[in-house]
Structure formats: C-alpha cells, structure tokens
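Colleague:
Residue numbers (this note's numbering): 460 to 845.
What follows is the structure, given as structure tokens:
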C-alpha cells in the first residue's frame with residue numbers, strides 16, 4: 460500500500476477508486492431516498508401503468524390512437540412526433556444553413572450582407588420567442604375553416620388556423636407496383652452515383668448525376684402510376700357545422716415549431732459552413748481556377764469536400780441541439796414526447812420517476828444515435844495517410 464501511495468500513478472488510482480466509490484454511494488443514497496419517499500406516500504415503483512388506458516386524445520399521431528389506448532401507446536406517439544419534427548428539421552436546417560453560409564461568402568455585396576443580417580438576427584433571438592412568434596403572430600391569425608368553406612362543401616387542400624388539411628390518399632391494390640418502381644429507381648440511382656464516383660477516380664471524367672437520378676426517381680413511378688390508371692383514391696374532408704370531417708390534418712403547432720427550429724438552427728449552421736470554407740487554404744481554389752474550373756465547380760468539387768472535415772464536428776452539435784430544443788414544443792402544445800408523456804401522462808399517473816427516466820433515456824438515445832451516425836460519416840471524410 461505504501462509503495463502504491465509513493466508513486467504518482469498509484470495515487471491517481473487511489474483517488475479514482477475513492478471518487479468512484481463516493482459517486483456510487485451518492486447514487487444509491489438518492490435512489491434509496493426516492494423509494495422511501497414513494498413508500499411513505501403509498502406509491503409503488505414500476506412500469507405497469509404503461510398498460511393502463513390513457514383516457515386522453517392526441518391531436519396528431521403517426522399511428523392509430525384514441526382515448527382508450529394505453530399510456531405505452533401514448534409514449535410511442537410522442538416519441539414518433541419528436542423524431543418526425545427532429546428529422547425534418549435537421550434536413551431543412553442543413554439545406555438552409557449551407558445555402559446561407561455560402562451566400563455569406565458571396566462576392567456580391569448585397570447577397571453577402573443579406574446573409575449576414577439573417578445570421579445576426581435569428582441566432583440572437585431566443586428560440587422560445589421565435590416559436591411563439593410563428594405560432595401566435597403568424598399562423599394563429601390565419602382564417603378558420605368556417606371562414607373558407609360552407610357547410611357540406613368538400614375540398615382537397617387547405618391551410619388554415621387548424622393546420623394543413625388535405626384529402627387522405629387511399630391506395631388500391633395495384634399501387635404497390637408504383638412503390639416497387641420507386642424503390643427500383645432509388646437503387647439504380649445509388650448505383651449510378653457510385654459508378655460515376657468510381658469513373659471520376661479511375662479515369663478522371665465526370666458524368667451527370669443530379670438530373671438523371673432526379674428524372675429516374677420522379678419519372679419512373681409517375682409513368683407506372685399513369686399506366687396503371689392512377690391506382691390512388693382520395694377521401695376528401697367535408698365541412699360540417701363547426702369543423703370538417705375526414706381528411707388528414709397536420710396541426711398548425713407542427714409548422715410553428717418546425718419553422719422556428721429550422722430558421723434558428725440554420726443561422727448557426729451557416730456560420731459553421733462559412734468558417735469551414737474559410738478554413739481551407741485559398742491556394743486550393745486558385746489551383747482549381749487554373750485548371751479551368753468555374754466558381755461553382757470549385758466549391759462543389761474542391762472546397763466543400765475538404766471543408767467537411769472542419770464542418771462536421773460542430774454541425775453534429777447543432778443537430779443535437781435541434782433535437783433537444785424540440786422539447787420546447789410544450790410551449791405551444793405540439794404533442795411531442797415531453798408534452799404528451801412527461802406532461803399529460805405524468806399529471807394523470809403521478810409516476811414522475813418512471814416517466815422522467817423514460818423521457819430522459821429517449822433524448823439520450825437519440826443524441827447518441829445522432830453522434831454515432833455523424834462520427835461514422837466523419838470517418839469517411841478524414842484524410843488517410845498514404
């Protein structure tokens with residue numbers, strides 16, 4: 460023991476063991492205290508409540524759900540709504556952020572200044588205020604369905620203060636061929652992209668990618684669709700006395716939350732993209748120009764592929780922030796996991812420990828999964844020593 464204490468490495472091991480023991484003891488103390496308090500109040504720990512009927516409705520659900528469904532199903536509904544808003548938000552924020560970031564470096568003075576104004580404006584306004592602005596000031600004042608349609612009138616599409624309302628598609632049996640054609644087009648497009656990359660690396664020649672893939676993915680399913688005689692019916696919403704019946708509704712809270720998350724996060728992504736591009740030596744662009752490449756080609760083929768190594772780590776943090784910031788949906792009653800499960804379900808059941816444990820585990824899992832995917836992608840963009 461004395462020899463272990465005499466060396467700095469040994470003392471480090473002793474300190475870590477003592478610290479780990481103290482942390483474990485503290486956690487056990489907190490858990491024991493929680494169970495004692497629950498026992499004093501007649502509460503039993505466990506997840507059996509998930510099988511009980513929830514007794515409340517949810518205005519937007521990607522799976523079948525009604526008031527008789529269980530708390531477990533309500534948890535799944537909230538989880539899917541959270542994943543939906545986060546995944547769409549990440550895609551749109553990435554596209555908008557890259558576009559604004561490139562505009563920020565534009566030689567055009569007006570374009571550059573407009574991009575700078577966008578960045579400095581939206582990243583310095585609290586996200587919660589932006590959510591409330593889009594919800595209260597922009598979307599809620601939209602006309603009500605009763606102001607747009609008469610009783611008994613049917614319609615295919617409407618955007619009102621209830622949300623986006625559209626006719627529900629009802630596919631026929633032969634519609635599966637359209638889906639298979641779409642799957643085939645996507646597979647062929649992926650194969651074409653891989654082939655063009657291989658050809659560029661081995662022979663140095665480029666083949667068009669975007670237009671052929673877009674034409675195939677869009678054109679082939681459409682051609683099959685019309686050849687089969689449009690095997691898709693629609694159930695149109697019909698205006699009743701107070702509201703409409705039928706159709707599919709994407710609630711207005713979804714759009715308010717999505718627009719705020721995208722606009723806010725894109726401002727940060729734009730600065731990340733700008734810094735990543737400026738982190739590449741200008742000699743790389745000059746070399747590309749000397750080879751006859753235009754500015755757009757240089758940006759696409761030389762600058763951005765190298766800048767991705769700088770962009771991806773902070774970009775990952777913004778993806779994590781967007782996912783966690785989606786929990787602010789409770790401020791406008793969008794039915795995400797926090798609002799449905801950590802809100803309504805918690806108030807009705809009183810199972811604070813179990814519900815918060817599940818909610819925290821979900822956000823932790825989503826963050827770790829996002830980090831894993833981005834780390835794998837980053838590994839394919841790093842420089843490889845030869």
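Just so you know, even glycine gets a beta-carbon here, dropped at the ideal spot from N, CA and C.
Model, not experiment: these values are computed from the prediction.
1) Going by DSSP in three states, residue 764 sits in which element: helix, strand or coil?
2) Taking the continuous beta strand (DSSP E) assigned at residue 692, which residues delimit it?
3) Return the residue from the list 830, 802, 829 that minimises the CA-CA distance to residue 817.
4) Based on Cα-Cα distance, which residue from 727, 825, 634 lies nearest to residue 553?
5) With 16 other CB atoms within 10 Å as the buried threshold, where does residue 738 fall?
6) Starting from residue 744, follow the alpha helix (DSSP H) in both directions and report where the run begins and ends.
7) Taking 9 Å as the cut-off, decide whether the C-beta atoms of residue 717 and residue 548 are in contact.
8) Excluding the 5 residues flanking residue 765 on each side, which residues of the same chain have their C-beta closer than 7 Å to its C-beta?
9) If we count Cβ pairs, one from each stretch, closer than 8 Å, do we get three or more for the segment 702-713 versus the segment 783-795?
10) Would you check if the segment 691-699 and the segment 615-630 touch, i.e. whether three or more CB-CB distances between them fall below 8 Å?
11) When DSSP labels each residue in this structure, what does residue 668 get in the three-state scheme?
12) Am I right that residue 821 and residue 538 are in contact with their C-beta atoms under 8 Å? What's the rounded C-beta distance?
13) In or out: residue 496 buried (at least 16 other Cβ within 10 Å) or exposed?
14) Taking only runs that begin and end inside the segment 758-806, name each unbroken alpha helix (DSSP H) of 4 or more residues, in chain order.
15) Which same chain residues, not among the five before or five after residue 641, have their C-beta less than 6 Å away from its C-beta?
16) What would DSSP say about residue 512, mapped onto helix, strand or coil?
17) For residue 707, list the residues DSSP reports as bridge partners.
18) Determine which residues share a DSSP beta bridge with residue 616 and list them.
19) Our contact map puts residue 523 next to residue 512 with C-beta atoms below 8 Å; I'd like the distance itself, whole angstroms only.
20) Apart from the five residues on each side of it in sequence, which residues of its chain come closer than 7 Å, Cβ to Cβ, to residue 698?
21) Would residue 752 pass as a contact of residue 761 if the rule is Cβ separation under 9 Å?
22) How is residue 518 classed by DSSP in three states: helix, strand or coil?
23) Would you grab the beta carbon distance between residue 671 and residue 651 for me? Rounded to a whole angstrom, and I think it's under 8 Å.
24) Could you compute how far the alpha carbon of residue 783 sits from the alpha carbon of residue 774?
25) Reducing DSSP to helix, strand and coil, say where residue 585 ends up.
26) For residue 663, count neighbouring C-beta atoms within 10 Å of its own C-beta (all shown protein chains included) and say buried if the count is 16 or more, exposed if not.
27) Do you know whose CA, among 638, 747, 749, 621, lies nearest residue 701's CA?
28) Buried or exposed: where does residue 666 fall if 16 or more other Cβ atoms within 10 Å of its Cβ makes it buried?
29) My understanding is that residue 504 touches residue 813, with C-beta atoms under 8 Å, so please give their C-beta distance in whole angstroms.
30) Leaving out five residues before and five after residue 561 in sequence, what residues of the same chain have Cβ atoms less than 6 Å from its Cβ?
31) In chain order, what residues of the same chain lie with their CB nearer than 8 Å to the CB of residue 544, ignoring the 5 residues before and after it?
32) Would you say residue 509 and residue 736 are within 9 Å of each other, going by their C-beta atoms?
33) What residue range is occupied by the uninterrupted alpha helix (DSSP H) comprising residue 651?
34) Where residue 581 and residue 835 are concerned, what is the direct C-alpha to C-alpha distance, given to the nearest angstrom?
35) Quick check: the Cα distance between residue 540 and residue 531, rounded to an integer number of angstroms?
36) Identify, in the order they occur along the chain, each residue of the same chain with its Cβ nearer than 6 Å to the Cβ of residue 684, setting aside the five sequence neighbours on each side.
Modeller: Based on what the coordinates show:
1) helix
2) 691-694
3) 802
4) 727
5) exposed
6) 741-749
7) yes
8) 739, 743
9) yes
10) yes
11) coil
12) 6 Å
13) exposed
14) 763-784
15) 680
16) strand
17) 625
18) 625
19) Contact flag wrong, Cβ pair sits at about 15 Å.
20) 604, 608, 609, 610, 611, 612
21) yes
22) coil
23) 6 Å
24) 14 Å
25) coil
26) exposed
27) 621
28) exposed
29) 7 Å
30) none
31) 713, 716, 717, 720, 785, 788, 793, 795
32) no
33) 634-662
34) 31 Å
35) 14 Å
36) 637
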